[in-house]
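Written out below as structure tokens is the structure these notes cover.
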Amino acid sequence: MKRFMHSLLAKYMLIIIIAIIVIQLAYLLVGSVAIFGFNMHEDEDIDASKVENKWHEDANNIDQVNEVNINNLFKKWKEKYPEAGMFWIDGEGKLVVEIDATIELPNKWTSVYTASFIKERYDGDPFTVIAFLENSESDGFIVLEISRTTFDPPILQASERFGSLILVGVFVFVLLFIVVSFLFFRSIQKRLLKFQDTMGIRDVDGLPIKLEIKKEDEIGELEKSYNQMVDELRDSRIREQKEEQLRRELIANLSHDLRTPLTKIRAQSYTITQEKLTEEGRKAVRAIEISIANIDRLIENLMSYTLLMASKYKYEPSEIDITRFIRESAATWYPAFEKEAFDINVSLESLGRWKIDPIWMGRILDNIFQNVLRHAKSGKYIGIKTESYEQYDAIIITDHGPGLTRESHEKGAEIGLTIVDMMVKGMELDWEAESSIEGTLIRIIRYR
Amino acid sequence: MARVLYIEDERDIGQWVLKDLTGRGHQVHWLTSGEGIDEHISTADVVILDVMLPGLDGFSIGRRIKKDQYDLPILMLSARTSVEDKIEGLDFADDYLTKPFHPDELAARVDVLLRRYQKQDEEMELQHLLVHTRDGRIVHKDTQEEIQLTGKQYHLFQFFLKHLNQILTKEQLYEGVWGEQYMEGDKTLMVHIRYLREKIELNPANPTIIETIRGIGYRVKL
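Which chain is which? The protein sequence lines are U and C, in order.
In terms of this note's numbering, the first sequence has 130 at position 130, counting the first letter as 1, and numbering is strictly consecutive.
In terms of this note's numbering, the second sequence has 148 at position 148, counting the first letter as 1, and numbering is strictly consecutive.
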């Protein structure tokens, strides 16, 4: 129940109920004013025939016909019917007393005018009563004019008198209801927009931030659920990181355990080279050295491949000057190519900044250079160039080796290139290799 | 001759390295764990450290050494080859060499560290030049005349000496010597290299000490 009372539904229902109650109260008030207010104002029900009879009675019962008495009579009626008009035409047709007549009256009444007056007022508006004083025609007659609306039912009168006021009241009330509803929904809208904005904000770990819960209504409940979801997401991220850490640790240990005996083999083979050896012996040691290097490279590639396949190879892109990066990578490989008497052709133009992971890019270049050194040694040539066109920028590495042959695949070039492929695509770049007996060309492409 | 402190738990590898480095004229003290390391640190010129060790691992030992003796160069020698391990190692160590390694490479890297930290009063012969690495004096061997370099030329030459045999790009040289970011097209470096060559090369038109590596940078090779 407490929860319901805090809900937005309950709040809006309260607004509706208050509105309905106010409408009902207003009707009740208007009704009461109409019924009791007018009845209290009047001593009795206003009835045209009663008024007519009373006027005749008063005219008949006047003590003495003179101006003072007539005036007194009129004043008495005026008190009762403030909106009424009255006048006295004496026996000679002269207008003697007049109070609030509805029309301009002539001072002298001719028989024709009197007849036309009576004709005009018969059954007309205002309601008109003509009565001879003391039932004698010699003293003339007194006339009472009352608007016919005076005899309307009280509710009709109230509507006529307060009609515009009620209309304004209704209008104000509807306006008030709209304003309250608007404010209510605007506050909901504002909170939802703030909710949406906060959902877009990311914490340092890349996860959404939690919301501050201020109210315990439906939106508050939604915020609570959202926070719970963020917590679950964070827990799952931590779990994932732990798993990732375990996997890395496993691979690192495996790599260590494989390399340690390999180092021992190298130690032994190196010790053998210090001895006096026959040509056959030297050949055998050289073969062991080459095998050690091959296994070392295979272990490295296999570990990277396993991590890449499981999407666990850390990817941290940043904006780097790619030309500078290639130049520095070429600088580290230069002595190795120089030692093998390669013709080294480096021609690099600025390609601007690329958003890539430098470790990944370093690995790609290392694998390609290593392949050139191992499988294209016979060509004695490496070209490292850049290309820049409207549609794309590219890094081009060429050699004059025998091309990518089956033999080179067997010697482990394929896993190296598979890693190149996965890493290039992982950084949203592209690559292509053209291979013939004349050599191989590898192009790493970044489309604009 | 340098005093090398070597920590390695694998006996075969340890013995091999001990024998090799001793054969190259170094005085090697080999330990199989981090225990007792404190006794030898103060007398060592360079430390070679394995990562996977019984007790404290190589990273923890290395950090402790660097904390106490900042100017003692450390070379990590490990079969752990992942990028994360290398990054963690290079956080404090000066070099990281992975197993299996060639003893020539290990010896060369040790020499580089010793030169960088100027642990040896080395007289280095660089073609017709005799370079005293500790005080930076350069003497023409034939004439016995000392070659005087200006401030920037000296720094530039020292930078080359610290990175002997390495090819240095224009950016690396400029940022290493001037300490500012290199702007593409800036001729300052080229001008200084030209002046430096005029002073140290026998024939500045055909330089042999500061080599130009086309498309990449420059190199001073021993």
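Where a beta carbon is used, it is the ideal one built from N, C-alpha and C, also for glycine.
These figures come from a predicted structure and were not determined experimentally.
Limits of the alpha helix (DSSP H) - the one that residue i falls within
| i | result |
| --- | --- |
| alanine 394 (chain U) | Per DSSP, alanine 394 (chain U) belongs to no alpha helix (DSSP H); it is in the beta strand (DSSP E), 392 to 399. |
| glutamate 79 (chain U) | 67 to 80 |
| asparagine 345 (chain U) | No alpha helix (DSSP H) holds asparagine 345 (chain U); the beta strand (DSSP E) holding it covers 343 to 347. |
| valine 51 (chain C) | Valine 51 (chain C) -> no alpha helix (DSSP H), and no H or E assigned at all. |
| leucine 302 (chain U) | 279 to 309 |
| phenylalanine 4 (chain U) | 2 to 5 |
| phenylalanine 159 (chain C) | 151 to 162 |
| threonine 32 (chain C) | Element bounds for threonine 32 (chain C): n/a, residue is neither H nor E. |
| isoleucine 87 (chain C) | 83 to 90 |
| lysine 199 (chain C) | 188 to 200 |
| leucine 417 (chain U) | 414 to 426 |
| leucine 404 (chain U) | Taken as a continuous stretch (DSSP letters only), leucine 404 (chain U) belongs to no alpha helix (DSSP H), as it is neither H nor E. |
| glutamate 108 (chain C) | According to the sequence provided, residue 108 (chain C) is alanine. The question's glutamate does not apply to it. Segment 103 to 116, the alpha helix (DSSP H) holding alanine 108 (chain C). |
For residue i, the first and last residue of its enclosing beta strand (DSSP E)
| i | result |
| --- | --- |
| alanine 433 (chain U) | 430 to 436 |
| glycine 85 (chain U) | 85 to 89 |
| glycine 140 (chain U) | Per DSSP, glycine 140 (chain U) belongs to no beta strand (DSSP E) and is neither H nor E. |
| glutamate 98 (chain U) | 95 to 99 |
| tyrosine 27 (chain U) | First-last for tyrosine 27 (chain U): 8 to 32, but that is the alpha helix (DSSP H), not the beta strand (DSSP E). |
Cα-Cα separation between residue i and residue j, rounded to whole angstroms
| i | j | result |
| --- | --- | --- |
| isoleucine 292 (chain U) | threonine 260 (chain U) | 11 Å |
| tyrosine 113 (chain U) | isoleucine 130 (chain U) | 14 Å |
| aspartate 94 (chain C) | tryptophan 16 (chain C) | 23 Å |
| arginine 448 (chain U) | lysine 210 (chain U) | 38 Å |
| serine 318 (chain U) | arginine 374 (chain U) | 31 Å |
| asparagine 301 (chain U) | arginine 202 (chain U) | 35 Å |
| tyrosine 305 (chain U) | valine 131 (chain C) | 47 Å |
| glutamine 127 (chain C) | arginine 219 (chain C) | 14 Å |
| arginine 214 (chain C) | isoleucine 167 (chain C) | 11 Å |
| glutamine 189 (chain U) | arginine 234 (chain U) | 28 Å |
| glutamate 184 (chain C) | glutamate 387 (chain U) | 18 Å |
| glycine 14 (chain C) | tryptophan 30 (chain C) | 7 Å |
| valine 143 (chain U) | tryptophan 77 (chain U) | 12 Å |
| proline 126 (chain U) | glutamate 145 (chain U) | 6 Å |
| threonine 273 (chain U) | valine 28 (chain C) | 22 Å |
Which residues DSSP lists as bridging residue i, in chain order
| i | result |
| --- | --- |
| glutamate 319 (chain U) | U:Lys355 |
| leucine 156 (chain U) | The partner list for leucine 156 (chain U) (beta bridge, DSSP) is empty, contrary to what the question assumes. |
| valine 129 (chain U) | U:Leu144 |
| isoleucine 210 (chain C) | C:Val220 |
| histidine 56 (chain U) | Paired residues: none, contrary to the question. |
| methionine 124 (chain C) | C:Val131 |
| threonine 263 (chain U) | The partner list for threonine 263 (chain U) (beta bridge, DSSP) is empty, contrary to what the question assumes. |
| arginine 64 (chain C) | Note: arginine 64 (chain C) sits in no beta bridge, so no partner. |
| glutamine 27 (chain C) | C:Arg3 |
| glycine 200 (chain U) | In DSSP, glycine 200 (chain U) forms no bridge with anything. |
| threonine 169 (chain C) | C:Gly217 |
| aspartate 71 (chain C) | According to DSSP, which records beta bridges pairwise, aspartate 71 (chain C) is partnered with nothing at all. |
| tyrosine 96 (chain C) | C:Met76 |
| arginine 137 (chain C) | C:His132 |
Assumed close pair residue i, residue j - CB separation to whole angstroms, cut-off 8 Å
| i | j | result |
| --- | --- | --- |
| tryptophan 360 (chain U) | glycine 416 (chain U) | Wrong, their Cβ atoms sit about 14 Å apart, outside the cutoff. |
| isoleucine 216 (chain C) | tyrosine 334 (chain U) | 6 Å |
| arginine 353 (chain U) | isoleucine 419 (chain U) | With 8 Å as the limit, arginine 353 (chain U) and isoleucine 419 (chain U) do not qualify as a contact, their Cβ atoms being about 24 Å apart. |
| glycine 379 (chain U) | aspartate 399 (chain U) | 5 Å |
| isoleucine 70 (chain U) | phenylalanine 141 (chain U) | So it is not a contact: roughly 11 Å between Cβ atoms. |
| alanine 84 (chain U) | phenylalanine 132 (chain U) | Between phenylalanine 132 (chain U) and alanine 84 (chain U) the Cβ distance is about 19 Å, and since that is not below 8 Å, they are no contact. |
| leucine 429 (chain U) | isoleucine 444 (chain U) | 6 Å |
| arginine 11 (chain C) | aspartate 45 (chain C) | 24 Å between Cβ atoms; not a contact. |
| aspartate 9 (chain C) | leucine 53 (chain C) | 5 Å |
| histidine 155 (chain C) | valine 177 (chain C) | 5 Å |
| lysine 99 (chain C) | serine 78 (chain C) | 6 Å |
| glycine 383 (chain U) | isoleucine 395 (chain U) | Going by Cβ atoms, the distance from glycine 383 (chain U) to isoleucine 395 (chain U) rounds to 11 Å, so no, they are not a contact pair. |
| arginine 191 (chain U) | isoleucine 219 (chain U) | 5 Å |
Which of helix, strand or coil DSSP assigns to residue i
| i | result |
| --- | --- |
| lysine 108 (chain U) | strand |
| methionine 76 (chain C) | strand |
| tyrosine 381 (chain U) | strand |
| threonine 273 (chain U) | helix |
| histidine 40 (chain C) | helix |
| aspartate 142 (chain C) | coil |
| serine 448 (chain U) | It is arginine, not serine, that sits at residue 448 (chain U) in the sequence shown. Correct three-state label for arginine 448 (chain U): coil. |
| histidine 41 (chain U) | Caution applies to histidine 41 (chain U), whose pLDDT of 47 falls short of 50 and renders its modelled position unreliable; the value that the coordinates give is listed next. Residue state, collapsed to three classes: helix. |
| isoleucine 442 (chain U) | strand |
| threonine 114 (chain U) | helix |
| serine 181 (chain U) | helix |
| threonine 386 (chain U) | strand |
| proline 208 (chain U) | strand |
Proximity test, residue i beta-carbon vs the ligand ZN heavy atom, cut-off 8 Å
| i | result |
| --- | --- |
| lysine 152 (chain C) | Looking at this structure, you won't find the ligand ZN or any other ligand, since it has none at all. |
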